[in-house]
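What the sequence shown shows, in the numbering used here, is residues -4 to 487, in sequence order. Ideal Cβ positions, reconstructed from N, Cα and C, are used throughout, including at glycine. Shown next, in C-alpha cells, is the structure this report addresses.
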Amino acid sequence: MPKHSLTLPRSSWPEDLRTRFERRQLSESQRKRLGSALGRWLKIADDLGVDARAVSRQTWLERTQHMTRALRNEVRQALAIAFPDAAASLYADDYHGTLRQDPRVQLRAMIARNLARFPDDWRDAAMPLLHVDEAGLGDGILVQAWAPSTIKRRLEGAALHFDYCRTRQLAVDITPKSLRAKLREDQARVESGERRLGGVAIDVAGLAGFAAAVRPERSWAWLMTARNRLKKLANYHGSRNASRAIDAAELRAAGQQLLDKADALHAAARNRRALVAAHTKARTALMMILLAEAPIRITSCAEVELRSGLLDDLTGLFLDGSSTKEGDIDRRAFSATLTDAIGRYVGLHRAVVAAREETRLLVGERGGPIKAAQLSKNLGDFTEPLFGVRVTPHAIRHSVGNFIVATAPDEAALATIILNHRSDAVTPAYHQRADQIVASRKLREAAESSAAALSVDTSPTRRNAGRMKLGNLRRRAITSRAQTRFHRKSIK
C-alpha cells in the first residue's frame, strides 16, 4: 500500500511558483522546511478542489486550522515567498490591540491590594482617605491631593514596612524601633553595594509622608529627622543617573552607526524574523539620535504620533499638553541628520512591521504601540556593551543638562526650559553647578597667570619622582638619632 504524502512533490508544482521559490536566496534548511510547507498548501488545495492561488489571510486561516502553530507560520512564510503581492495581507491583522482598563479601576485595585497588608488600625485610618469613588465625585482627600504614582509608591512602601515587621517579630507599626532595625539592614546592603543610599532616603521620605498624612494625631518628629538626615547624606553621593551620563555627541554617533547596521540587516533579510530584528535596531538607533538632539521624556517619545506629532517634512516635533509631564505644549526642531534618520526608519523599517491603521511613530514587534519601558530596555541593552554603562533615557537628560550648564554657565536656567522640567525646583541645582564651573575656571586662570609671572613650570610630573618614600625617611631618622646618642655616650 503506497504511503500517504502530506505534501505535493516539487516536480508537480506550477512552473511559475517553483521558479519563484527557487530564485529566492534561502539556506539549505530553510529551503527544505519552507518547500515542504508550500507543498502542503498545494496538496490541501488539490484535495479540496480549490484554487491554490487564492491566497489571503482568510484562506490561510481556514486551510491550516488543523495544523500546529509553528507549521501554520511556516506555510505563511512560504506563501509570502510564492505570492509576494499577498504577503502584506497575510500579516495584516497579527496585532490585536487589547482594551486598556480604566486607570481609576486600576488605582482602586492597587489600593485594596496594599491595604490588605496593613494592620487594622492603619487600614481603618487610611481607607476613607484613599477611597476611589466610581463617579469621581467622592474621592478621598489623598486621592485628590496625590498623583496615582505617589499613592502607589507610598502605599507599597508602607506595606513593605509592615511586612518587614511581621517577618522580624516586631510590632506591626511605624515606630523608632522598627525603623532602626530596617535601617541597620539597609546600611549593610548599602555597604555591600546591593542598595544605593539614595534609594533608602526615598523609601524613608515616602514612609514619612504617608505616616504624617494618615495618622496626623501622632508625633512624627523623629521620623522627619531621620528623613532629613538621610536626604543630606544621599546628596553627597552621586545619583545612579549621573553615573550613567555620557556625551550626547557620542550617543548620536553611535545611533548613526546602529542605523547603518540596521539598513544592512534589512537588505540581507530573508524572512520576517530578520526584518523584525532589523526594525528593532533601527528603532533603537532613531531613539538614540532623537534623545541626543531633543531630550524629551521616554513616555512622550513612545507616544509620538506619526501624522499629528511630526511635521509633514519631518523637520520638527509637536507634543500637546496631554503628552508632557508639565502639561505645556512642546515644540522641537530637528537637524538634517535626525530628519534623515526618521525618513529611513519610516520608509524602510516601520513599513514592514507596523499594522495597517497604526499611527504611532515607534511600533513594537507585532506592529502595535510599544511601551516606554521596552524602549528604555532596548536602549540599555545596546549601550551597556558599547559604553560600559547602561545608558537610560533619563541619564541622557542628565547629560544634556550638564552640557548646557558647562557650555553656558551664565544661562544655566535654560536647562530647565530645554528639558521641560515640571517646575523651577531643579533650577537652583543648575545654578550651583554653574557657579562651581565658573569658580574652577577662574581658579585655573589665576594659577596659570601666577605661574607665568613667576616663570614656574606647572606641567604635571610623576608623583614620586625625586621624592623619597616615607619608609626610607623614617629609617634614616631612626638611624640618625641612634648615631647621635652613641656619639654623645662616647664623648662622656
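Residues bridged to Ala249 [DSSP beta-bridge criterion]:
According to DSSP, which records beta bridges pairwise, Ala249 is partnered with nothing at all.
For the alpha helix (DSSP H) containing Gly30, list its first residue and its last residue.
For Gly30, the enclosing alpha helix (DSSP H) has its first and last residue at Glu23 to Leu43.
Below 8 Å on the Cβ atoms is my guess for Val341 versus Gly362; work out the distance and round it to an integer in Å.
Rounded, the Cβ-Cβ distance is 14 Å, inconsistent with contact.
Which runs of the alpha helix (DSSP H) fall wholly inside the region 325 to 391 and span at least 4 residues, in chain order?
Complete alpha helix (DSSP H) runs here, min 4: 331 to 339 and 367 to 382.
Look at the alpha carbon of His274 and the alpha carbon of Leu12, and state the distance between them as a whole number of angstroms.
Approximately 29 Å, taken between the alpha carbons.
Say whether the region 143 to 154 touches the region 108 to 125, bearing in mind that this needs 3 or more beta-carbon pairs closer than 8 Å, one atom from each stretch.
yes
Residues in the same chain with beta-carbon distance under 6 Å from Phe382, minus the five sequence neighbours each way, listed in chain order, please.
Ile241
Chain-order list of residues whose beta-carbon lies under 7 Å from that of Ala249 (same chain, five-residue window excluded):
Here Ala249 has Met283 and Leu381 as same chain residues with Cβ atoms under 7 Å from its own Cβ, once five neighbours each way along the sequence are excluded.
Contiguous alpha helix (DSSP H) assignments of at least 4 residues, all confined to the region 168 to 242
171 to 187, 192 to 209, 216 to 230 and 235 to 238
Mind reading off the beta-carbon distance from Leu517 to Arg355? Whole number of angstroms is fine, and I expect it under 8 Å.
What the structure shows of the chain is the stretch from -4 to 487, and residue 517 is not part of that stretch, so it cannot be assessed.
For Ala206 and Trp217, which I take to be in contact (beta-carbon distance under 8 Å), what is that distance rounded to the nearest angstrom?
Not a contact, Cβ separation roughly 11 Å.
Output the boundary residues of the alpha helix (DSSP H) element that contains Val100.
Pro98 to Leu110
If you count every other CB in all the chains shown that lies within 10 Å of the CB of Thr402, and 16 or more means buried, which is it?
exposed
For a test of the three-state rule: what should DSSP assign to Leu443, helix, strand or coil?
At residue 443 the sequence reads Glu, which differs from the Leu that was named. In the structure shown, Glu443 sits in a helix (DSSP, three-state: H, G or I).
Per-residue burial, Gln72 [other beta carbons within 10 Å of its own, 16 or more giving buried]:
Buried, because 16 or more other Cβ atoms sit within 10 Å of the Cβ of Gln72.
Pick helix, strand or coil for Leu85, following the three-state DSSP scheme.
helix
Residues that Glu531 bridges to, as DSSP identifies them
Residue coverage of the chain in this structure runs from -4 to 487, which leaves residue 531 outside it and unanswerable.
Roughly how many angstroms separate the alpha carbons of Met62 and Arg19, rounded to a whole number?
25 Å
With Ala208 and Leu137 assumed to form a contact (beta carbons below 8 Å), what rounded beta-carbon distance in angstroms separates them?
6 Å
Does the distance from the C-beta atom of Ala142 to that of Leu192 stay below 7 Å?
no
Return yes when the Cβ of Ala81 is within less than 7 Å of the Cβ of Val493, no when it is not.
Residue 493 is absent from the model: the chain starts at -4 and stops at 487.
Going straight from the alpha carbon of Ser317 to that of Asp258, what length do you get?
The predicted position of Ser317 is uncertain, since its pLDDT is 49 and thus under 50; no value can be drawn from it.
Can you check whether the CB of Ala244 is closer than 7 Å to the CB of Thr294?
no
Rounded C-alpha distance that separates Leu174 from Gly204
15 Å
Burial state of Pro423 (16 or more Cβ within 10 Å)
Residue environment for Pro423: exposed (fewer than 16 other C-beta atoms within 10 angstroms of its C-beta).
Segments of 4+ residues assigned as alpha helix (DSSP H) that fall wholly inside the region 116 to 141:
136 to 140
To the nearest angstrom, how far is the alpha carbon of Ala75 from that of Ile39?
17 Å
Between which two residues does the alpha helix (DSSP H) carrying Trp55 extend?
Run containing Trp55: Arg52 to Arg58, per the alpha helix (DSSP H) assignment.
Could you spell out the range, first to last residue, of the alpha helix (DSSP H) harbouring Met282?
Arg267 to Glu288
Beta-carbon separation (whole angstroms), Trp8 vs Leu37, contact threshold 8 Å
6 Å
Return the chain-ordered list of same chain residues with a C-beta closer than 7 Å to the C-beta of Arg184, the five sequence neighbours on each side being excluded.
If we look at Arg184 and ignore the five residues flanking it on each side, its Cβ neighbours are Arg190.
What does a CB cutoff of less than 6 Å around Arg222 pick up in its chain, not counting 5 residues either side in sequence?
Val199, Ala200 and Ala203
Residue environment, Gly396, which counts as buried when at least 16 other CB atoms sit within 10 Å:
That one is buried.
Suppose contacts are defined by Cβ-Cβ distances below 7 Å. Is Ala407 in contact with Ala434 by that definition?
no
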